[in-house]
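Q: Residue numbers (this note's numbering), protein chains in the order written: chain A, 1 to 450; chain B, 451 to 950.
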Amino acid sequence: MEQRLDGHIKDVDVAVIGGGPAGISACLELSKTPGIRTALFESEAELGGMPRSCHLFFGLRDMKRLYSGPGYARKLTRQVNRTGVDIHTNATAVEIVTGQNGAKHQVKVVTKDGLMNCKCRYLLLATGCFELSREGRRIPGTRPAGIFTTGSLQQLVNLKKIRPGNKALIIGSEHVSLSAALTLNRAGMKITGLVSEDRLLHTYPYAARALSIALNFPIFSGVAVGSIYGKKRVEGVQLKHKDNHQLLEVDCDTIVCTGKFHPDAALIYKTPIKEDSDSMGPIVDTNYMTRSKNIYAAGNVLHGADMHDVCAMEGRRAAESILKNWMGIYTESEKCVAVSAEKPLRYVVPQTLLIDDIRNRKTSYWHPGVSVQANHTLKKVALEAWSGSEKLYSCKYSCLIADSRVLLPVEKFRWEKVDFSKPVIIKAVESQSGKARFRLRSACYDPTSR
Amino acid sequence: MSKRPPERETDVVIVGAGIIGMSLARELTKYHVDVTVIDKEADVSMGISKTAGSLVYMGLFQALSLVIKDLGKGMDLEAETKTERMKMLWGGFREFDTIAHSLDIAHKHVGFLLIARNDFELEKIKQLEHLAQFVPGGTVRRVPREELFEMEPNITPEAIEGLYDSTGTISMFGPEYVIAVYENARENGAHVLFNTECLDIIEQRSGSHIVRTGDGTLKTRYIINCAGKYADKIADMADAGTGWNLVFYRSQALILDKKLEGIINNIVGIPPDAGKIDFIYPLGEGNLHVYGGYYDPIEDREFTDTTRDNFDDAISRMKQLVPCLSAEHIITSYVGVRTFNDKEFEENLIEHSPRNKNFINVLVRMPGFTPAPKIAEKVVGMLANEGLQLQRKENFKSSRTAIPRFRFLSDSERQRLIAQDKRYGRIICKCETVTEGEIVEAIRRGASTLQGVMFRARAGMGRCQRNWCGPKILEIMVKESRKTKESVTFKGEGFQVVTG
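1. Do residue 363 of chain A and residue 369 of chain A count as a contact pair if the criterion is CB distance below 8 Å?
2. Enumerate in chain order the residues of its own chain whose CB-to-CB distance from residue 940 of chain B is below 7 Å, with the five nearest sequence positions on each side excluded.
3. What residues from chain B crowd round residue 155 of chain A, counting only those whose CB sits closer than 7 Å?
4. Roughly how far, in whole angstroms, is the beta-carbon of residue 249 of chain A from the beta-carbon of residue 236 of chain A, given that I think they are within contact range, below 8 Å?
5. Which residues share a DSSP beta bridge with residue 379 of chain A?
6. Mind checking whether residue 475 of chain B and residue 690 of chain B have CB atoms under 8 Å apart?
7. For residue 904 of chain B, which of helix, strand or coil comes out of DSSP?
8. So what does residue 373 of chain A bridge to, in DSSP terms?
9. At which residues does the alpha helix (DSSP H) containing residue 184 of chain A begin and terminate?
10. Do the CB positions of residue 91 of chain A and residue 109 of chain A come within less than 8 Å of each other?
11. Counting only C-beta atoms, is residue 763 of chain B closer than 8 Å to chain A at any point?
12. Can you check the stretch 481-550 of chain B for any beta strand (DSSP E) of at least 3 residues that lies completely inside it and give the ranges in chain order?
13. Beta strand (DSSP E) containing residue 809 of chain B: first to last residue?
14. Tell me which residues share the same chain as residue 1001 of chain B and place their Cβ nearer than 6 Å to its Cβ, disregarding the 5 neighbours each side in the sequence.
15. Which chain A residues are close to residue 680 of chain B, counting only those with a beta carbon under 7 Å from its beta carbon?
16. Could you tell me if residue 839 of chain B is buried or exposed, where buried requires 16 or more neighbouring beta carbons within 10 angstroms of its beta carbon?
17. Along chain A, which residues have their Cβ under 8 Å away from the Cβ of residue 783 of chain B?
18. DSSP on residue 554 of chain B, reduced to helix/strand/coil?
19. When you compare the CB positions of residue 214 of chain A and residue 178 of chain A, do they come within less than 8 Å of one another, or not?
20. Taking the Cβ atom as the reference point for each residue, do residue 128 of chain A and residue 264 of chain A lie within a distance shorter than 8 Å?
21. Could you give the distance in angstroms between the alpha-carbon of residue 200 of chain A and the alpha-carbon of residue 858 of chain B?
22. Would you check if there are 3 or more beta carbon pairs closer than 8 Å linking the stretch 557-567 of chain B to the stretch 642-651 of chain B?
23. When DSSP labels each residue in this structure, what does residue 201 of chain A get in the three-state scheme?
24. DSSP state of residue 118 of chain A, grouped into three classes?
25. Would you mind telling me which residues of chain A sit closer than 9 Å to residue 604 of chain B, beta carbon to beta carbon, in chain order?
26. What is the C-beta distance between residue 133 of chain A and residue 257 of chain A, in whole angstroms, given that I count them as a contact (C-beta under 8 Å)?
27. Quick one: measure Cβ to Cβ for residue 429 of chain A and residue 381 of chain A, integer angstroms, because I've assumed they're closer than 8 Å.
28. Among A:197, A:154, A:262 and A:269, whose alpha-carbon lies nearest the alpha-carbon of residue 240 of chain A?
29. So with CB distances below 7 Å, who are the chain B contacts of residue 92 of chain A?
30. Between the C-alpha atoms of residue 679 of chain B and residue 812 of chain B, what's the straight-line distance to the nearest angstrom?
31. Alpha carbon to alpha carbon, how far is residue 906 of chain B from residue 67 of chain A? Give it in angstroms, no decimals.
32. Give me the residue from A:271, A:50 and A:254 with the minimum Cα distance to residue 95 of chain A.
33. What does the alpha-carbon distance come out to for the pair residue 163 of chain A and residue 458 of chain B?
34. Would you tell me roughly how many angstroms separate the C-alpha atoms of residue 410 of chain A and residue 295 of chain A, rounded to the nearest one?
35. What would DSSP say about residue 399 of chain B, mapped onto helix, strand or coil?
36. Along the beta strand (DSSP E) that carries residue 229 of chain A, what are the first and last residues, could you check?
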């Protein structure tokens with residue numbers, strides 16, 4: 001094959017970046033329509049994304065049955081391998097050049113066979129998310145070896161079969177923290193504790209407690225990580241009770257920083273694709289299109305992190321939108337309104353609501369939709385949507401668990417009252433009166449891993 | 451039976467593989483001299499050179515540096531600009547471009563903008579302007595308020611006036627500089643022994659020395675003490691002190707995400723308080739480097755822990771300077787320890803041992819990167835005076851090429867590289883766009899630790915801090931250096947990444 005100096009040029013209808021649940025599911029959906037040329041780029045040697053290195057409870061919502069993480073990844077990979085999608089693994093997208101005035105977009109991809117310049121009419125970003133490092137969390141102390149995130153821990157233990165240490169402390173109390181505990185247990189490591197900065201865990205307290213009993217580790221809640229010590233390898237961590245400032249020392253040679261996901265949206269920096277300062281991913285509308293025409297985004301690049309199956313369904317939804325657009329059914333001049341969240345809520349995704357579109361959808365556990373995440377676990381709160389001084393929606397919750405998605409049934413908002421010139425603000429307010437209930441539909445126990 | 455420790459003979463032993471030690475080693479390799487550098491760490495640039503601000507500077511920044519060092523002591527700063535030290539700084543500064551060019555060190559000339567937010571700071575700026583005219587290398591002028599925001603739109607709106615030096619500062623990456631000098635020195639025949647701690651120095655009747663290390667002994671005539679933070683300990687071993695002690699100051703720096711590239715384009719700062727420093731500068735890779743906060747005297751020279759107070763202080767000061775920056779942008783933080791001698795606080799101390807002139811202490815007051823080549827020349831001259839035969843090598847190789855930096859290559863260069871070696875087509879570190887080829891090359895050139903790979907190839911220095919690429923780099927290191935995974939360390943023995 002002739003090698004050009006500026007790289008091999010490829011021309012497709014849709015380029016998908018990221019071969020995890022969202023990217024593959026989008027490809028599967030796209031491949032149902034004959035004639036559409038799709039290319040998928042994955043930087044790892046194999047498809048499947050994060051589930052490859054996780055363990056239990058995968059596939060509930062999108063496949064309607066349970067798989068293990070690797071099993072789920074294999075299933076998706078088998079399915080997409082049977083389609084006509086042009087799949088490239090070990091292929092890392094390094095730059096997006098957005099096409100101006102209807103010109104095609106371009107993705108620069110690095111592969112072992114050289115550079116590839118992929119021109120595409122539609123682009124789907126499905127690059128996922130990453131956990132904040134110890135450094136990014138600003139945990140003070142020495143800077144020894146032995147500090148990981150769940151992602152690097154699971155890569156080591158589950159993919160490379162390496163045991164990183166002997167005694168580990170888990171920092172963070174999100175769902176993924178429990179996943180880290182399972183991984184540590186699988187690696188044969190002792191867990192010396194799980195640390196939650198908030199008094200209320202960012203996961204289901206019963207699940208956390210059950211696991212702490214089963215794997216025999218204490219849960220320290222309401223404590224801040226004072227400092228890490230150990231000059232060379234981690235030797236321990238000093239914890240500080242937030243209320244009484246009591247100090248506590250935990251002995252460990254490994255630290256796993258879990259949760260605090262950030263979208264891996266580096267590809268959109270320095271492009272016209274707009275970033276949401278709340279979610280730190282691209283801004284999308286309810287069709288999963290970003291502010292740049294024909295560039296879509298789905299999965300955890302929008303909201304680090306949500307469950308894999310939600311990501312998969314978002315991928316599908318984005319693919320449906322791309323198909324509609326491709327077939328010319330898409331109408332551009334839809335009425336839309338921006339939506340944003342106020343503290344203690346972290347973000348709302350999607351950030352732009354297309355009114356005609358959402359009125360036809362029904363929000364449920366089984367479908368992806370507009371969702372918010374809270375920074376802290378909140379008890380007895382009401383989620384309210386406000387447009388100026390008009391209340392569009394309110395719903396009470398006995399408990400909103402932090403860092404996990406809470407669906408907003410936007411079709412139920414009183415849209416007749418909305419002022420389209422202002423963003424709709426979603427607030428979480430204290431709600432003492434009235435019958436609050438644990439809302440199974442939106443904040444229900446969801447045993448899946450991330 | 452234990453193996454008899456190896457014994458080597460060499461002309462000059464340099465203790466410490468930082469910028470001073472390595473520059474001296476490189477200078478000596480220009481002659482037919484057998485030079486051996488020993489360092490207790492696993493790599494070069496593991497002490498002060500690692501954490502010193504990566505700037506080569508004269509002009510306004512040098513003037514500021516004098517003021518910071520004054521620490522309210524009321525020194526005669528003007529006299530300070532006429533010292534021998536200043537001459538060496540100026541010489542080194544002028545030579546840096548040539549060195550950077552021949553050793554292929556990435557560097558960038560950046561402007562330095564000091565801002566005043568009130569009359570008090572304005573007064574300080576005037577003093578600095580006055581002082582700066584005695585320091586060569588700068589092109590200093592006052593900047594009125596309107597122009598200030600044209601230059602740097604993101605600085606604090608409280609700024610009323612600025613002082614700008616357009617020529618006095620060069621930004622580079624310190625460890626990269628040391629590594630470049632090391633590679634070149636080694637190519638020219640210098641021996642560099644890592645993990646080799648100097649344990650004792652025994653003086654012989656002939657005036658020669660025996661250096662006992664953790665890994666065998668060295669017989670040498672000359673010893674140069676470039677041990678930085680540990681210069682006092684080495685001097686004590688040879689009883690070579692002249693009544694000085696080392697004093698240490700620590701400050702915590704922050705590195706911000708490179709997505710902020712362009713937020714500021716010059717080094718920006720406010721005139722320093724005694725004991726406090728505030729400036730932010732753009733690094734070559736696009737990250738911002740924040741030096742904000744304490745300049746604390748410490749007893750324990752190894753106290754490099756980051757602290758909550760230092761974080762809070764640095765963050766609040768960074769926001770005072772550039773309000774759009776936030777704690778969320780921090781990708782990492784570290785503490786640097788600056789070392790001074792208490793005898794000549796404001797001077798370099800480059801002196802023979804009072805007992806034996808073949809032993810030379812080299813204590814450099816910061817900055818060290820700027821004067822390093824001149825200090826090396828001076829020490830070589832001192833050695834010559836003590837009888838070291840300096841016969842020039844005809845085949846001295848003055849140049850070295852850097853590892854290709856995939857991220858900054860053009861498409862055609864990238865394509866050519868991948869065609870030569872497929873490993874340049876596999877991206878390992880996504881945050882910093884580093885390929886397997888670059889990592890392999892770094893290991894081939896002597897990176898024996900994870901940090902060695904980071905400093906040579908930049909892998910793992912991005913926003914995810916090795917959490918995505920760490921396991922992959924580990925795998926490559928195991929394969930390339932034929933180590934077991936349990937023996938791969940972060941920065942030397944004991945820093946095992948995985949214990950198995």
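The beta carbon of each residue, even a glycine, is placed where N, CA and C say it ideally should be.
A: Taking the geometry as given:
1. yes
2. 899, 900, 901 and 947
3. 921
4. 6 Å
5. A:399
6. no
7. helix
8. A:347
9. 175-186
10. yes
11. no
12. 485-488 and 505-507
13. 809-813
14. No statement about residue 1001 of chain B is possible, as the shown extent of chain B runs from 451 to 950 and does not include it.
15. Ordered by position in chain A, no residue passes the 7 Å Cβ test against residue 680 of chain B, which lies about 15 Å from the chain.
16. exposed
17. 135 and 138
18. coil
19. no
20. yes
21. 46 Å
22. no
23. coil
24. strand
25. Result: empty, since nearest Cβ-Cβ is about 15 Å, beyond 9 Å.
26. 7 Å
27. 6 Å
28. A:197
29. 877 and 880
30. 11 Å
31. 42 Å
32. A:271
33. 40 Å
34. 24 Å
35. In this structure chain B extends from 451 to 950, so residue 399 of chain B is not present and cannot be described.
36. 223-229
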